[in-house]
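Here's the structure, in structure tokens; my notes come after.
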Amino acid sequence: MPQSAPAAPRTQPIRLALLALGLALAALLIPASAGAGQTTKVVAKRAPSQALGETVLTTTKNRTLYSLSAETSGRFICTGACLSTWHPLVVAAGVKPTGPAKLGTIERPDGRTQVSFKGRPLYSFAGDAKSGEANGEGIRDVGSWHAASLGKLAMQPTPQPQPTPEQPYPY
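The numbering of the sequence shown is the numbering used here, which starts it at 285 and goes up by one.
So, in structure tokens, the structure goes:
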């Protein structure tokens, strides 16, 4: 009884084409997943500041976050003794900070990674003893310190009296 020829020669081109397709797809996925291993951490939240009439960024422990007007474009003014009053909000290297606003990071002169908002490094103030305080607002030294604002608080509508049967008009 004669043996039939193996089917491998006919299917080999198909297998090679499938292998090439698989390798091409894998190569396309590598750049998309390169940043996927980056750790994220929630470091800030939004909170209303009645004293300022604004919604501000705070730490996860409700400490108001501030920026210094003179610190722009990676230029750090608050170093040395300043850091005993203004505490940098820092994260571990490689951590992407997240919160209610677009946050970034800047490398400090001491090598630590500081969280930034609108390109400015963020700090908490030692003079804020309680949650929600904003005692650092407007302090001037080598620039002006301001709470990291997300916008004005929404005005609450003034309740209007409703007409009653005895008084059909509210005036």
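Where is the CB? At the ideal position from N, CA and C, for every residue including glycine.
For Ser368, which of helix, strand or coil comes out of DSSP? For this step, residue 368 is matched to residue 84 along the sequence shown. Here Ser368 sits in helix by DSSP.
Contacts around Ala410, its chain only, beta-carbon distance under 6 Å, and the 5 residues preceding and following it disregarded: The residue given as residue 410 occupies position 126 in the sequence shown. Apart from sequence neighbours up to five positions away, the residues of its chain that approach Ala410 with a beta-carbon distance below 6 Å are Thr369, ordered along the chain.
Going along the chain, which residues of its own chain have a beta-carbon closer than 6 Å to the beta-carbon of Ser353, five neighbours each way excluded? On the sequence shown, residue 353 is found 69 positions in, with the first residue counted as 1. Result list for Ser353: Gly427, Ser428, in chain order.
So the candidates are Arg396, Gln296, Gln322, Thr323; which of them puts its Cα closest to the Cα of Leu373? In the sequence shown, the residue the question calls residue 373 occupies position 89. For Leu373, the nearest C-alpha among the options comes from Arg396.
What's the gap between the Cα of Ala399 and the Cα of Thr382? Taking the sequence shown and counting its residues from 1, one reaches residue 399 at position 115. Taking the sequence shown and counting its residues from 1, one reaches residue 382 at position 98. It should be pointed out that residue 399 corresponds to Val in this sequence rather than to Ala. Taking the straight line from one Cα to the other gives about 9 Å.
Residues that Pro393 bridges to, as DSSP identifies them: For this step, residue 393 is matched to residue 109 along the sequence shown. For Pro393, which the question treats as bridged, DSSP gives no partner whatsoever.
Just to confirm before moving on: does the CB-CB distance between Leu336 and Ala418 stay below 9 Å? Reading the sequence shown from its first residue, position 52 is the one you call residue 336. Reading the sequence shown from its first residue, position 134 is the one you call residue 418. Yes, these two residues count as a Cβ contact at 9 Å.
Give me the Cβ distance between Thr339 and Pro332, rounded to the nearest whole Å; I'm assuming they're in contact under 8 Å. Taking the sequence shown and counting its residues from 1, one reaches residue 339 at position 55. Taking the sequence shown and counting its residues from 1, one reaches residue 332 at position 48. Between Pro332 and Thr339 the Cβ distance is about 6 Å, and since that is below 8 Å, they are a contact.
Less than 8 Å separating the Cβ of Thr363 from some heavy atom of the ligand FAD? Among the ligands in the structure shown, none appear at all, so the ligand FAD cannot be discussed.
Let me know if Arg347 comes out buried or exposed under the rule of 16 or more other beta-carbons within 10 Å of its beta-carbon. For this step, residue 347 is matched to residue 63 along the sequence shown. With 16 or more Cβ atoms within 10 Å of its Cβ, Arg347 is classed as buried.
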